[in-house]
Amino acid sequence: MAVTDVFARRATLSRSVRLLSEFRYEQADPARFYRMLAADTVAMIGDLWLAAHGEPPTGRTVLDVGGGPGYFAEAFADAGVRYLAVEPDPDEMHTAGPALAPTTRTLVRASGMALPFADDSVDICLSSNVAEHVPRPWQLGAEMLRVTRPGGLAVLSYTVWLGPFGGHEMGLTHYLGGARAAARYARKHGHRARNDYGSSLFAVSAADGLSWAAHTGALRAAFPRYHPRWAWWLTSVPVLREFLVSNLALVLSPGE
1 MAVTDVFARR ATLSRSVRLL SEFRYEQADP ARFYRMLAAD TVAMIGDLWL AAHGEPPTGR
61 TVLDVGGGPG YFAEAFADAG VRYLAVEPDP DEMHTAGPAL APTTRTLVRA SGMALPFADD
121 SVDICLSSNV AEHVPRPWQL GAEMLRVTRP GGLAVLSYTV WLGPFGGHEM GLTHYLGGAR
181 AAARYARKHG HRARNDYGSS LFAVSAADGL SWAAHTGALR AAFPRYHPRW AWWLTSVPVL
241 REFLVSNLAL VLSPGE
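As numbered in the UniProt record's numbering, residues 1 to 256 make up the sequence shown, in order.
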């Protein structure tokens with residue numbers, strides 16, 4: 001069975017429409033949006049593990065690189081998965097305030113590019129929408145593979161720069177160029193963007209991610225994370241994938 005076979009049945013058009021419609025709450029009601037995204041992510045990880053191992057990941061350990069305020073912690077705990085997270089930004093850790101019980105997660109302040117965990121120490125390593133925010137995304141990917149046990153799964157998902165959401169809060173102005181879009185945002189709002197091009201946002205392409213993953217020898221699957229199954233073919237088309245994939249999910253498994 002291919003590692004994506006189970007998840008492919010969940011990747012429907014109705015799911016894609018639901019995710020897109022909820023995105024409008026990302027700024028206005030982040031708890032609503034990120035709880036929905038967390039539930040979808042846990043379902044995706046569960047499907048990938050089930051396809052790879054023939055059983056759900058209950059009792060397994062997941063390391064979330066860039067765990068943020070902890071919405072994913074709640075969802076993984078509900079699924080019976082032991083949750084660990086790494087987050088370098090102390091402000092991000094407390095974004096949700098007291099709404100999330102600290103007992104649902106083990107959170108370590110550290111960089112994803114130098115994970116403070118031993119080799120082969122977790123069953124699943126997840127990075128959701130983090131790679132575009134670090135200057136060396138494939139160093140992050142290499143660290144994820146290092147800490148993942150042989151036969152486990154490393155799932156690295158990131159926003160493709162030339163896709164419609166590549167500019168984050170800068171909107172579609174990123175098509176003018178990153179530096180120009182960042183300067184335009186600062187002039188309009190009187191401050192730099194939270195996701196500021198060149199410091200906390202970088203131009204990461206689909207081609208670079210696919211090339212890196214292929215060279216690791218651990219790549220099991222690559223697909224547009226939020227697209228319906230019938231649109232996954234976009235990943236295989238150069239140039240087109242940069243504009244239409246939007247968010248690329250790379251699924252890797254270290255060798256036994």
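Cβ atoms here follow ideal geometry from the backbone N, Cα and C, with glycine treated the same way.
Predicted, not measured: the structure shown is a model, and the values here were computed from it.
Alpha carbon of residue i to alpha carbon of residue j, nearest angstrom
i: residue 221; j: residue 49; result: 13 Å
i: residue 22; j: residue 88; result: 27 Å
i: residue 74; j: residue 219; result: 28 Å
i: residue 52; j: residue 242; result: 28 Å
i: residue 234; j: residue 227; result: 10 Å
i: residue 127; j: residue 247; result: 12 Å
i: residue 16; j: residue 35; result: 16 Å
i: residue 70; j: residue 27; result: 17 Å
i: residue 30; j: residue 195; result: 16 Å
i: residue 134; j: residue 240; result: 24 Å
i: residue 172; j: residue 166; result: 8 Å
i: residue 117; j: residue 156; result: 18 Å
i: residue 237; j: residue 65; result: 29 Å
i: residue 6; j: residue 54; result: 10 Å
Residue i, DSSP secondary structure in three states
i: residue 165; result: coil
i: residue 150; result: strand
i: residue 3; result: coil
i: residue 225; result: coil
i: residue 12; result: coil
i: residue 211; result: helix
i: residue 123; result: strand
i: residue 81; result: coil
Sub-7 Å separation of residue i and residue j beta-carbons
i: residue 203; j: residue 225; result: no
i: residue 138; j: residue 232; result: no
i: residue 39; j: residue 229; result: no
i: residue 140; j: residue 154; result: no
i: residue 32; j: residue 61; result: no
i: residue 84; j: residue 58; result: no
i: residue 185; j: residue 193; result: yes
i: residue 130; j: residue 108; result: no
i: residue 183; j: residue 174; result: no
i: residue 160; j: residue 251; result: no
Other residues of its chain near residue i: CB distance less than 6 Å, five sequence neighbours each side excluded
i: residue 162; result: 242 and 243
i: residue 199; result: none
Residue i: CB within 6 Å of a non-hydrogen atom of the ligand MG
i: residue 141; result: With respect to small molecules bound, the structure shown includes none, and the ligand MG cannot be examined in it.
Own chain partners of residue i with C-beta closer than 8 Å, once the 5 adjacent residues on each side are dropped
i: residue 41; result: 72, 75, 126 and 128
i: residue 19; result: 36, 37, 40 and 226
Cut-off 7 Å between Cβ atoms - residues of its own chain near residue i, not counting five sequence neighbours on either side
i: residue 188; result: none
i: residue 43; result: 10
i: residue 46; result: 56, 57 and 79
i: residue 210; result: 222
Within-7 Å CB hit, residue i to chain B
i: residue 206; result: No chain B is part of this structure, which consists of one protein chain only.
query = Touch check for the stretch 111 to 123 and the stretch 139 to 150: three-plus C-beta pairs under 8 Å?
reply = yes
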